[in-house]
Each structure stands twice: as structure tokens, then as C-alpha cells.
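See structure below.
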Amino acid sequence: MAIERTSTLLAVLDDDESMQHALRDLIESTGLAALCFGSAEQFLNSQARYEASCLIVDIRMPGMSGLELQAKLSSERSLMPTIFMTGRGDVPMAVHAMKAGAIDFLTKPIDDAQLINSVQKALQQDRANRRETIEREAFVARYNTLTPREREVLALLVRGLLNKQAAFELGIAEYTVQVHRAHIMRKIEADSFAALVRLTTKFLPETSELLVTRNAPRHESLQRR
Amino acid sequence: MNAIVESEALTRDLQESKARLEEAQRIAHLGYWVWDLKTDRVIWSDETYRIFGLSPQEGPIDLARVRELIHPEDRDAVFRTAEEAVLNGTRPDSEHRVVRPSGEVRIVHSQGDVKRDASGQPYQMFGTVQDITERKSAEETLRRTQAHFREGQRLAHMGSWTSDGSSCSWSDELFEIYGFDPRNGVPTTEQFLAIHHPQDRASVADALKMMHEQNRGCDVTTRIVRSGGELRHIRCVGIPVVEQGEFKGFRGVGMDVTEHELLTRELRREQAYLNEAQSLAHIGSWATNFATGQIHHNSDETIRLHGFDPRQWPIPLERFYSTIHPEDEPAVRATLENAVRTRTDYDIHEYRICRPDGTIRFLRSFGHHDPSQEIGEYVGITMDITDRKRAEEEREKLRRLEADLAHINRVNMMGELAAALAHELKQPIAASITSANACLRWLAHDPPDLERARAAAARMERDGNRAADVINSLRSFYKTGSSAERQSIDVNEIAQEMIALLRTEAARHNITIRAELAGDLPSILADRVQLQQVLMNLMLNAIEAMQEAGGEMMIRSGATSEGQLIISISDTGVGLPAESADRIFDPFHTTKPQGTGMGLAVTRSIVEAYGGRVWASANHGHGATFHFTLPREVEGHR
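Chains as they are written, first to last, in this note's numbering: chain A, 1 to 225; chain B, 1001 to 1638.
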């Protein structure tokens, strides 16, 4: 079982101390590192909350339950891949957990191969998440170099308007739109116009929507004319 | 000669006659006196001298002397009477006292007669004086005796009467008793009947009729109604007086027996109550001499207890003996004989008798001997304990049933707990399996990491033991009758065990468990499982009270000022049921649809078996607190 040796950190949450030790040992035997916590609260108060690549959590714990923790993390836009464990097979709970984006739902006693498999999946997910985060941050940085007018133009183009339409919408010359578009392409470092649209809708889906909403009345009056 | 002879004979006769008169005067204590009104000379007969305490030879007496001899208080009256007689010609007649020279006082009766001459002038008074002291004294005695008699009748509420067939006389007290006025004379038959209670008139009339027709005596007690409406009981006894075979009438008494009658009734009522009480309690009283076999007293209930008829009195002692069950008779006889010999009390707690109708009853007999009395004299009671014995058997049956129910309850409780316990069991097993997997992986390393593998194996062992412990504690709940298993126990430790055991169950209902356990509590001697059960019952109760809304369970331990251990379990749940707060510890009382009603009852029976107490109180905010105490020196009460 080859697992990429990195400084990857796993967080194990179980109210049973024996279980914590056993899981950590199992994880360490695969060459990974794990930190153990007895409750969700304990975990949330630690640095691991930000650093862990994967969360292995018992669904029933005193205080905040595993599902509640998942909900809280997700509400904070944390993408930490989560593997749930439970003492009893609890189908509705499993469905709920999986719908909320869990990597896996394991029943105790844990099948070690299944756990390691799930951990791998989780780590892949984590890596993907991290890559995407990097891309997003890079895009946002570039986007921030745009002037307000360029952002307006970008929003209209992403919506699929032609240069001419965008010019009309903004009340400027078509040529000016072309100049803005060239600047935008350069600043965002997009290989093609298609790539520009893809990146924008992926990382800033709300930007264009907001614009649309704001300009909607004007747009309507235009159509009537 | 003849004349002389005659004269001599005459003189002799005269002297004889005088002597006889003297003798008669002496016997009758009657003297005469002559008072010459002209000369005031007084002539006394010898007896008169003696009456006045003088000797007849003392010589002539004058008026002054007479005056002197009369009692000073009577003097004036006597002479006034005499002077009036002389003046008016009446006969003086007076009783007065004389004081003899010796100082002795006598009472005399003096009568006189004034003699007048041809011209009607009084010249002499002749009289007699009689010493009536003895008669007076007798009269006084009689008077006093009669007074005493009257007083006695009055005090005894007893009056007397006599009847000679035609007329009737009543004593004063009899008038008093019947409430008639003596001045109106003896009442007529109609009046007499009228004063009686209407219900008694017929019997009074019958009695009177019988007396007069048959000359037979009577003894009747009847009621009369006095003028004020007061009811009195009068006993009237009459006996015929027969002299020389001839019926002369009746003599009798009437007695006010109201107090006696009321007392008798009271006594009869008391007796009836006592009989009733004995009959209700199935306790009979008796007094018997076991040495002579003589029965002095047997209450009706004593006789009934043995299946006899109380009207069959007397029943010999041997008949009582004969009812004793043959298997029990030797023991009963031996006990009695031993008690009689040692002159001590005895108490036969239980023996059987076969009643004449064939039923078997269980009796208990207790006898008391007063050593100052004759040997064998016993007073005692015998009670029928058959019903009690049957009730005891029923109770014993019920107790066994309760024990079974308690067992079932424990089993049920385990059912409720099964899920929680399964988790409790699964946890170490799961940990153990994971450790085993890790161990295998460390061994599969190249080279094998033996150190890490060994550590993993050690954890497996620990978790395996933990699982075994859970199973052991589980099994101990299924045991019954483990009361003998007493050991020194730290209550805090048990509390913590139970918290650990129930934490998951509590968490499932969003209940947190907190504990405030006093540090330096003494350990107590008790059955571990039973204490676990008490705590678990109360904690499960708290969880049930909060299972809808969640909350907090708080367990506190400490010592009371009397040095008892006290453990409290508080919840923030629904609180105590207001209308049945005092019944929650009763068996089969439950407010929960699925409850058996035995949880708190079992809890109480365990705590009380240790001499402790369990109670519930409402919290200031939400929920209730259950407390129980355990004496520090717990000893076996079961």
C-alpha cells in the first residue's frame, strides 16, 4: 500500500481513548501522522482544525456530535474531507452524512483496509481541494488588478453578451469594449476567451449574478425600446 | 282486848299498807309531797327524799330548800306553774330537772292538786313527783335511734313500709324516694301506678294484684318518673307477715337502685363490648387451675374458639385438651406441666386444634401465673391465629412474587440498557480489532517494527479485559439473592462506574452528567450489585425525566451531620407528578407508559434494607432531586 509520504496530518475524533490510540497506531503504521481528540469541541479549539487533511470522526460523541461538527465546518466553507465511524449501523444517519459530503461511513469494528482506502480517497480529495484553493487565490489576485469598468465588462461578457451588446449596455463604444477585453485577457492571464469565462464562473460565480441583478431594470427598458 | 287486838291488828295492817306503799313508791320512783299553803311547810315521802338525793331522815323540808334543789334554769318555771295552779285552780304539771346535793342531775315529772276548804280557799297542795330520768333517757335513745334509722334510710336510699291489708304506712324516706309529699299521706294505688314509667305500670299492677290475691311477697325493680322528668330505678321488696299461721299483712322496703342499676348496665355493656372485642379479635380469656383442672372463668370467645357452644357451660378442662391436634398435644401438655411445676408464665406460640366439626385451627395460648397464688392457677388468653398464619403465607407468597418481579424488572432494565451496553461492549472490542490490525501492519514492515507491534498487542489485551469487565458487571445484574455478598465499598467509585456506564445512554438524549463527589467519604459494607442497582435506577429515572428535552444530571455525594452518607441525583426534567408525589416509591406505581412501577420500589427496599432512607424533592427550577442515605455502619438487616 503505497501512500505518498508527506507531512499530511489526520485528525481522529473518538470519545473512547482506547479507540483513539488504536486508530492513531493504525494510521501511523501506514506512515501517516494523526492527532487524537476526545470531542468535537476539543478539535475545534486546536490548530488541527486548519491544518488537518482528513477528519476521522465518531458520529456519536458527548457534546457536539460528528454530524454537527460536519455541518459547522461546512458552514465555514471548510472542505476538510471527513470519514465517519459509528458503533452501530445507522442507515439514515449514514445517508445524511454522505449527502453532506462525507468521504465514507465506516462501521465499528473498523475494517483497516477500508479505512486506509478511505483515507487515501480523502487525501486525494484534500490535494484536489488544496490545488483548487491555490488556483482560486491566484485568480482572485489577478481579478483584483482589474479596474471597476473592466470588471463590469467582464461580467457582461461572461453572461454571453457580444461586444456590441456590452457596449450598448454600458453606453460606450464597441471599440472601447474591445480594448477592455484585451486588457482583461492579459491581466487574468487567460489562454483563451473560453478559459476566461470558465475561470470566472468557477471562482466568482456570484460576481456576474450580482451585476445582472443590479442592471436588470435597465436591461428590461432596453428591450422594450 | 278486842279493841286492843283490833287496834293492834289495824295498826299492823296500816303499817303493812304503809310499807307496801313505800315499796310501791320506791319501785315506781314515785314520791308524794304535801305543801301547806298557810304555813309553807312541806312534807315529803321517803321516796321523794330519795328522788331529790336526800335521805328520808333529814328532817322537815321548807320551800327554800325545795327551791334550792330544783335546777336553776327550771326553778322559776316550776314555781310559776305552782302559783298559777293556786290562783287559777289548774293542775300543776311539769317536767323539770333537780340537782341532787351530789351534783347529779335527774329529770322528774311533778303533778299536783290544790285542796280547798269549804269556803273555797286553797289551803294545801298535794302532788307526786316521779323520777323519769331513765325513761327520758330511753326516750332520747329511741328518738336518736329513730333519727339514725331515718338518716340511714335516707343514706341508703331505702324506705320501709308496712301494710296490714287495709291500711299502709310509709317511712319518710319512702316518700322521698317516690317523690310524694308525706303531708298528703300514703298515695293511693292509682297515684302509685301513675308515677311509674308507662312501660312498667302493667308489671307493677300485676305485682300488686298478686300480692293481694295470693298473699305472696314481691321483688320487682321498676322505673318511676319524678315530677322533673327524672327517671329513677326503684327496687321494691315485700314479704308477707305471718303470725301463728295467720296472715297479717306485708312488710317491705323500697330502694332507689338507680346508681346500682346504671352501674350494672354499664358493667353489662362493658362485658358486651369485651365479648364483642374478643370475638372480633378471636381472643378468648380464661382463668384455670391446671393442677386441679378447675376452670374459674372462660369467656364466650374462648369456648367458641374451641368450637363449643358458650351455652354449654361448664365444659371440663379435659374437653379442651381433647381438641388439641394429636401431633401437638404432647408438646402442649409438656409446656403446661413445665410451667405449672416451675410456677412460671408460658406462651405456646402455635398449636393446632381439631374442632368438633372437624375444622383445624391454629391457636396461640398465653398463661400468666401469679406466684403468690396457689400452684397451677393461671389466667390467660387464647387466640386464633389461623387467619394471621394464612395471611403470613399469602404475604410470603407475595414477597416471593415481588422478588421475582424485581428480578424481571432488573431483566427489563437490562433490556432497555442493552443498546447502551452493546455500545459499551463494542467499544473495547472495536479498539482491540483495530489494534490487532495495526499490530499486523507493524509486523509486516520490513524490518518488522516489533516495538510498535508489542505496544499494539498490549492495548489489545487491555481492551479485551475491559470488554470482559463489562460482561461481568452485566452478569451481576441478573443475579438475585446476592444480599450476602457484602464488601467494603467506596460509594464514589460506584457512582463513577454508573456514570461511565450510562454516559452514552444519557448522551443519546442530549443529557450531560456531572458529578460532585465528596473526597473523604468512609467506605461502607454493602452488596456492590445492589448499590449499583440503586444508583442505576435513580439515574435511569433521571434520564427518563429528561429524555424529551435533554438537560443535565448532577450526582452529588457527601455526609450528613449525623455521619450518614448521602447521595443525590438531580435532573432538569419534567419534575415530580404533583398528585402522586408521595406514592412514587410504591410498587406498581408508575407514570410511564412502559414502566413496571417497580424501579423506585426496588430502590427503596434496597436502601431501607441497609437502614437508609430514600426520598424525592422538587427542584427550585426544573426537575426533581432524589436523595438516599446510607448509615456508615451498615449491617445486615435482611
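Backbone N, C-alpha and C define an ideal beta-carbon position, used for all residues, glycine too.
- Across the region 1426-1439 of chain B, CB contacts with chain A closer than 7 angstroms involve K1426, Q1427, P1428, I1429, A1430, A1431, I1433, T1434, S1435, N1437, A1438, in sequence order along the chain.
- In the three-state scheme derived from DSSP, where H, G and I count as helix and E and B as strand, B:A1515 is classed as strand.
- Taking the Cα positions, A:L13 is about 42 angstroms away from B:F1585.
- At a cut-off of 7 angstroms between beta-carbon atoms, A:K108 makes contact with chain B.
- Around the beta-carbon of A:N144, fewer than 16 other beta-carbon atoms lie within 10 Å, marking it exposed.
- Here B:Q1427 is buried: its Cβ has 16 or more other Cβ atoms, across all protein chains shown, within 10 Å.
- Here A:A102 is buried, its C-beta having at least 16 other C-beta atoms within 10 Å.
- Going by DSSP, A:Y50 is part of the alpha helix (DSSP H) stretching over 48-51.
- Within the region 1503-1519 of chain B, the residues whose Cβ lies closer than 8 angstroms to some Cβ of chain A are R1503, T1504, A1507, R1508, T1512, listed in chain order.
- Beyond the five residues adjoining it in sequence on each side, A:L35 comes within less than 6 angstroms, by CB distance, of A11, A48 in the same chain, given in chain order.
- With a threshold of 7 angstroms between beta carbons, A:P62 makes contact with chain B.
- Counting along the chain, no beta strand (DSSP E) covers B:R1080; the unbroken alpha helix (DSSP H) around it starts and ends at 1072-1088.
- For A:M80, there is no enclosing alpha helix (DSSP H), since its DSSP letter is neither H nor E.
- With respect to chain B, the C-beta atom of A:M93 has no partner C-beta closer than 7 angstroms.
- The beta-carbon separation of B:I1524 and B:I1489, rounded to 6 angstroms, stays under the 8 angstroms limit for a contact.
- Per DSSP, the continuous beta strand (DSSP E) segment holding B:N1298 begins and ends at 1294-1298.
- Distances from the alpha-carbon of B:G1573 to those of B:Q1530, B:V1602, B:E1246, B:H1509 put B:H1509 closest.
- For B:T1288 and B:L1336, the gap between their C-alpha atoms comes out near 12 angstroms.
- Inclusion of B:G1252 and B:W1161 in the CB contact set at 7 angstroms is warranted, their separation being smaller than that value.
- Linking B:E1140 to B:A1147 through their CA atoms gives a straight-line distance of about 10 angstroms.
- Annotation: Cβ neighbours of A:H21 in chain B (cutoff 7 angstroms, chain order): R1459.
- For A:D126, the uninterrupted alpha helix (DSSP H) run begins and ends at 112-143, by DSSP.
- Only those residues of the region 30-43 of chain A whose C-beta falls short of 8 angstroms from the nearest C-beta of chain B are listed: T30.
- Beyond the five residues adjoining it in sequence on each side, B:L1600 comes within less than 6 angstroms, by CB distance, of I1584, F1585 in the same chain, given in chain order.
- Annotation for B:E1058: Y1049 place their beta carbon closer than 7 angstroms to its own, counting only its chain and skipping 5 residues before and after.
- Taken atom to atom, the span from the alpha-carbon of B:Q1153 to that of B:I1224 is near 19 angstroms.
- Around B:A1609, no beta-carbon contact reaches into chain A at under 8 angstroms, the shortest distance being about 35 angstroms.
- Among the residues of chain A, those whose CB is under 9 angstroms from the CB of B:R1452 are D25, E28, S29, following chain order.
- For A:P109, the number of other beta carbons within 10 angstroms of its own is at least 16, and it is reported as buried.
- For the C-beta of A:D104, not a single chain B residue is nearer than 9 angstroms; the gap to the nearest is close to 15 angstroms.
- DSSP, read as helix, strand or coil, puts B:S1163 in strand.
- For B:V1470, the secondary structure class from DSSP, reduced to helix, strand or coil, is helix.
- A:I172 and A:N163 have their C-alpha atoms spaced approximately 10 angstroms apart.
- In chain order, R1041, V1042, I1043 place their CB closer than 8 angstroms to the CB of B:P1060, counting only its own chain and leaving out the 5 sequence neighbours on each side.
- Counting along the chain, the unbroken alpha helix (DSSP H) around B:T1133 starts and ends at 1133-1156.
- B:A1495 is outside the set of residues whose beta carbon lies under 7 angstroms from a beta carbon in chain A.
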